[in-house]
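In UniProt numbering, the protein residues as written are 1 to 645.
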């Protein structure tokens, strides 16, 4: 529709109207465009009808060739050729760019493959999952920023367009992620009613998930979302035809994607665009990593007036050093907006107190006694005041407190809150001390040791494999007792916040953490590796899905129920990564001739490759093998040095 609208405007410009000698050619071109429009519309309607009809009818019609898809597509191509010829005669050179857009609308199978391989995750679904793990997004927790002067200047495209980079920064737990979710929701609602104003592409980085914490993943996510808005830009990915999957998987892929991204943003067909990145501080530093990404953001914000960047991070000097150099940058500090943030935290506390009150009213519903109601209200008022005083404008601290008092009776809740220390690290330390006193402390410690070393959030069944929990234990209770973890309704386990994982790894010499990880936090890599090898050895076999057809396409494969690979999915993809992370003592895990690793590879190497293909993770397997070869090469060289000297 945009293509035809643009071309119509071009045809009706006054400069052409004055040229009477072009009138006939212009009329022919208009007719050709109408014919092409009819052919395209007919093809689209026919496709929609075919998609929604009874599958059996569709198969029958295809067998009898009643729909003549080839002929319909040929009609479109013929009409398009006529438009090209008429446009050429008419002398409208600009039409070539519009025709390029039209051609790109015919999304080929190769382009679909590019989109599939480019996709890291559906970020809209990730945001929904974030909100499910946290509390429901409260309007009062982010509405304040919509009236903030810096934010208004940033979103005002007419403001001489020099405010093209807004950096929101704040300490852990200040609500940066929920703030950006609110902004994304607001921008999305605005753009839905003004779709011609701008595009929106966003990425929420997660330090606890290796799929979502690299500069390459962030670029892939932003590009993928841009292509969903404007598919014609996919032509900038034509280099994929030559590079194949290495465009996305190789260590140099960031630089290839960087060039593609810049080219897309400079495309004349691209309208104004918002680019949003949350939690820059959680992006990995290893090159290409955060430094290269920051440089790219700063450069684009300086050079491209069609693009506005909204980014958030903790107060880190590395990020500030780069972003401060940008002349288009604006900085919004949550600490300097303490009054607004404090009001938002207060609204959050009131929301949590309403929930707590409903729970207690339900518990005491059988006692219709005015004195009980009065005492209960007094307790609730004291709890609310205690939380407000200690919160210090930190959403996460409030959330952790209410998590700690779940199931606590009204007679003990005030004392429990009064015993809560201020500050995130202090409350994390208290939670770990409580873990050490539990009856299932050993199970909780194994779970924490496993989770702090995994490369992504894992499913409960994967955790049972890696942490070797008792089969008859109530596993959800173990997760809940860990304090720093949460579990979704579909059994995916996450850290409650990046700062929770940071706490477990940044000060391993503390007395508290030495009780949780008596053999050190890195010992988890050896345990995960050993359990992975054991689980894969027990499960992997030839034709594990019993397909009985070695040539079947992966698109036709349907996993059996129950899926034998489900619980070992993580193990299949990451076992070599954990092997490489074991600090010393590789002989303990059989990294030698006739050792457990050697035996596994001799017996199950092809079975492992088959499993990776069924999981659609062959590229991960290729990278893992390269890591294993490097590890063995280094180990062999070190052994030679030791033997020689």
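All residues carry an ideal CB built from backbone N, CA and C; glycine is no exception.
Here the structure is a predicted model, which means the values were calculated and not measured.
If you measure between the beta carbons of residue 322 and residue 217, is that distance less than 7 angstroms?
Taking the chain shown and counting its residues from 1, the one referred to as residue 322 is at position 322. Taking the chain shown and counting its residues from 1, the one referred to as residue 217 is at position 217. In this structure, residue 217 does not lie closer than 7 angstroms to residue 322 by Cβ.
Just to confirm, are residue 223 and residue 261 a CB contact at a threshold of 7 angstroms?
Stepping through the chain shown from its first residue, residue 223 is reached at position 223. Stepping through the chain shown from its first residue, residue 261 is reached at position 261. It is a contact, given that the beta carbons lie within the stated cut-off.
Are the beta-carbon atoms belonging to residue 301 and residue 273 less than 7 angstroms from one another?
As a working mapping, residue 301 is identified with position 301 in the chain shown. As a working mapping, residue 273 is identified with position 273 in the chain shown. One thing to note: residue 301 has its Cβ no nearer than 7 angstroms to the Cβ of residue 273.
Which same chain residues end up closer than 6 angstroms to residue 150 when comparing Cβ atoms and leaving out the 5 residues on each side of it in sequence?
Stepping through the chain shown from its first residue, residue 150 is reached at position 150. Excluding sequence neighbours, residue 150 sits near 330, 332.
Do you know how far the Cα of residue 199 is from the Cα of residue 234?
Taking the first residue of the chain shown as 1, we reach residue 234 at position 234. Taking the first residue of the chain shown as 1, we reach residue 199 at position 199. Cα to Cα, residue 234 sits roughly 15 angstroms from residue 199.
Take the Cβ of residue 316 as the centre, count every other Cβ of all protein chains shown within 10 Å, and call the residue buried at 16 or more, exposed below.
Indexing the chain shown from 1 puts residue 316 at position 316. Residue 316 should be labelled exposed.
Just verifying my parser: in three-state terms, what is the DSSP assignment at residue 545?
Looking up residue 545 in the chain shown gives position 545. Coil at residue 545, not helix or strand.
Quick one: using the 10 Å Cβ neighbour count with 16 as the cut-off for buried, is residue 634 buried or exposed?
Taking the first residue of the chain shown as position 1, residue 634 is located at position 634. Per the 10 Å Cβ criterion, exposed.
Taking buried to mean at least 16 other C-beta atoms within 10 Å of its own C-beta, is residue 337 buried or exposed?
Here residue 337 corresponds to residue number 337 of the chain shown, with the count starting at 1. Counting Cβ neighbours within 10 Å, residue 337 comes out buried, since at least 16 surround it.
Would you check if there are 3 or more beta carbon pairs closer than 8 angstroms linking the region 539-558 to the region 481-494?
no
State the DSSP-derived secondary structure class of residue 558, mapped to helix, strand or coil.
The sequence position of residue 558 within the chain shown is 558, counting from 1. DSSP places residue 558 in coil when its eight states are reduced to three.
Give me the residue from 460, 360, 629, 505 with the minimum Cα distance to residue 412.
Working through the chain shown from its first residue, we reach residue 412 at position 412. Among 460, 360, 629, 505, the Cα nearest to that of residue 412 is on 360.
How many angstroms separate the CA atom of residue 516 from the CA atom of residue 471?
Here residue 516 refers to the residue found at position 516 of the chain shown. Here residue 471 refers to the residue found at position 471 of the chain shown. Their Cα atoms are separated by approximately 22 angstroms.
Please classify residue 498 as buried or exposed, where buried requires at least 16 other C-beta atoms within 10 Å of its C-beta.
Start at 1 with the first residue of the chain shown, and residue 498 comes out as number 498. Label assigned to residue 498: buried.
Given this structure, state the Cα-to-Cα distance separating residue 265 from residue 204, to the nearest angstrom.
Position 265 of the chain shown holds residue 265. Position 204 of the chain shown holds residue 204. The alpha-carbon atoms of residue 265 and residue 204 are separated by roughly 20 angstroms.
Report all residues from its chain with a CB closer than 8 angstroms to the CB of residue 289; omit the five preceding and five following residues, and keep chain order.
As a first step, residue 289 is located in the chain shown; it is residue number 289 there, counting from the start. So the qualifying residues of the chain are 214, 215, 283.
Over the uninterrupted alpha helix (DSSP H) stretch that includes residue 263, give me the two end residues.
The sequence position of residue 263 within the chain shown is 263, counting from 1. Here the alpha helix (DSSP H) through residue 263 covers 253-266.
Give me the Cβ distance between residue 532 and residue 575, rounded to the nearest whole Å; I'm assuming they're in contact under 8 angstroms.
The sequence position of residue 532 within the chain shown is 532, counting from 1. The sequence position of residue 575 within the chain shown is 575, counting from 1. Indeed they touch by this definition, with Cβ atoms about 4 angstroms apart.
Judging by CA-CA distance, which residue of 406, 308, 248, 358 is the nearest neighbour of residue 619?
Mapped onto the chain shown, residue 619 falls at position 619. The option with the nearest alpha carbon to residue 619 is 248.
Less than 7 angstroms separating the beta-carbons of residue 51 and residue 161?
For the purposes of this step, residue 51 is taken as residue 51 along the chain shown, with counting starting at 1. For the purposes of this step, residue 161 is taken as residue 161 along the chain shown, with counting starting at 1. Going by C-beta atoms, residue 51 is not nearer than 7 angstroms to residue 161.
Nearest to residue 355 by CA position, among 386, 399, 335, 178, is which residue?
Numbered from 1 along the chain shown, position 355 holds the residue referred to as residue 355. Each of 386, 399, 335, 178 was checked against the Cα of residue 355, and the nearest Cα belongs to 399.
Residue 273 lies in the beta strand (DSSP E); which residues open and close that run?
The residue labelled residue 273 in the question sits at position 273 within the chain shown. For residue 273, the uninterrupted beta strand (DSSP E) segment begins and ends at 273-278.
Report the rounded CA-to-CA distance for residue 168 versus residue 395, giving the unit in angstroms.
The count along the chain shown starts at 1 and reaches residue 168 at position 168. The count along the chain shown starts at 1 and reaches residue 395 at position 395. When rounded, the distance between both Cα atoms is 16 angstroms.
Between the beta-carbon of residue 179 and the beta-carbon of residue 142, is there less than 7 angstroms?
Start at 1 with the first residue of the chain shown, and residue 179 comes out as number 179. Start at 1 with the first residue of the chain shown, and residue 142 comes out as number 142. A contact, by the Cβ cut-off of 7 angstroms.
Quick one: residues in its chain with C-beta nearer than 7 angstroms to the C-beta of residue 388, no 5 flanking neighbours on either side, listed in chain order?
As a first step, residue 388 must be located in the chain shown, where it is residue number 388. Correct list, in chain order: 346, 349.
Check residue 92 in the structure and name its three-state DSSP category.
Indexing the chain shown from 1 puts residue 92 at position 92. Because the pLDDT of residue 92 is 44, which lies under 50, any placement of that residue in the model is unreliable, and the number read from its coordinates should be weighed accordingly. Note: residue 92 maps to coil in three-state DSSP.
Starting from residue 167, trace the beta strand (DSSP E) in both directions and tell me its first and last residue.
Counting from one through the chain shown, the residue named residue 167 turns up at place 167. Counting along the chain, the beta strand (DSSP E) containing residue 167 begins and ends at 165-169.
Measure the alpha-carbon distance for residue 368 versus residue 381 and round it to whole angstroms.
If you number the chain shown from 1, residue 368 lands on position 368. If you number the chain shown from 1, residue 381 lands on position 381. Distance between the alpha carbons of residue 368 and residue 381 is about 20 angstroms.
Just verifying my parser: in three-state terms, what is the DSSP assignment at residue 21?
Residue 21 sits at position 21 when you count from the first residue of the chain shown. In this prediction, residue 21 has a pLDDT of 49, which is less than 50 and means its spatial position is unreliable; what the coordinates show is noted afterwards. In the three-state scheme derived from DSSP, where H, G and I count as helix and E and B as strand, residue 21 is classed as helix.
Per DSSP, what are the beta-bridge partners of residue 142 in this structure?
Position 142 of the chain shown, counting from 1, holds the residue named residue 142. DSSP output for residue 142 lists no bridge partner at all.
Which residue or residues does DSSP assign as beta-bridge partners of residue 459?
Sequence index remark: in the chain shown, residue 459 carries index 459 (1-based). 492, per the DSSP bridge assignment.
Three-state secondary structure (DSSP) at residue 445?
For the purposes of this step, residue 445 is taken as the residue at position 445 of the chain shown. It is helical.
Use the C-beta contact count for residue 98: other C-beta atoms within 10 angstroms, 16 or more gives buried, fewer gives exposed.
Along the chain shown, one-based indexing puts residue 98 at 98. Because residue 98 sits at a pLDDT of 45, beneath the cut-off of 50, its placement in the model cannot be relied upon, and the point is left open.
Assuming residue 501 and residue 208 form a contact by the criterion Cβ under 8 angstroms, report the distance between their Cβ atoms to the nearest whole angstrom.
Stepping through the chain shown from its first residue, residue 501 is reached at position 501. Stepping through the chain shown from its first residue, residue 208 is reached at position 208. Between residue 208 and residue 501 the Cβ distance is about 5 angstroms, and since that is below 8 angstroms, they are a contact.
Between residue 630 and residue 601, what straight-line distance do the alpha-carbon atoms span, to the nearest angstrom?
Along the chain shown, one-based indexing puts residue 630 at 630. Along the chain shown, one-based indexing puts residue 601 at 601. When rounded, the distance between both Cα atoms is 16 angstroms.
What's the C-alpha gap between residue 646 and residue 550?
As displayed, the chain neither begins before 1 nor continues past 645, which places residue 646 out of reach and without an answer.
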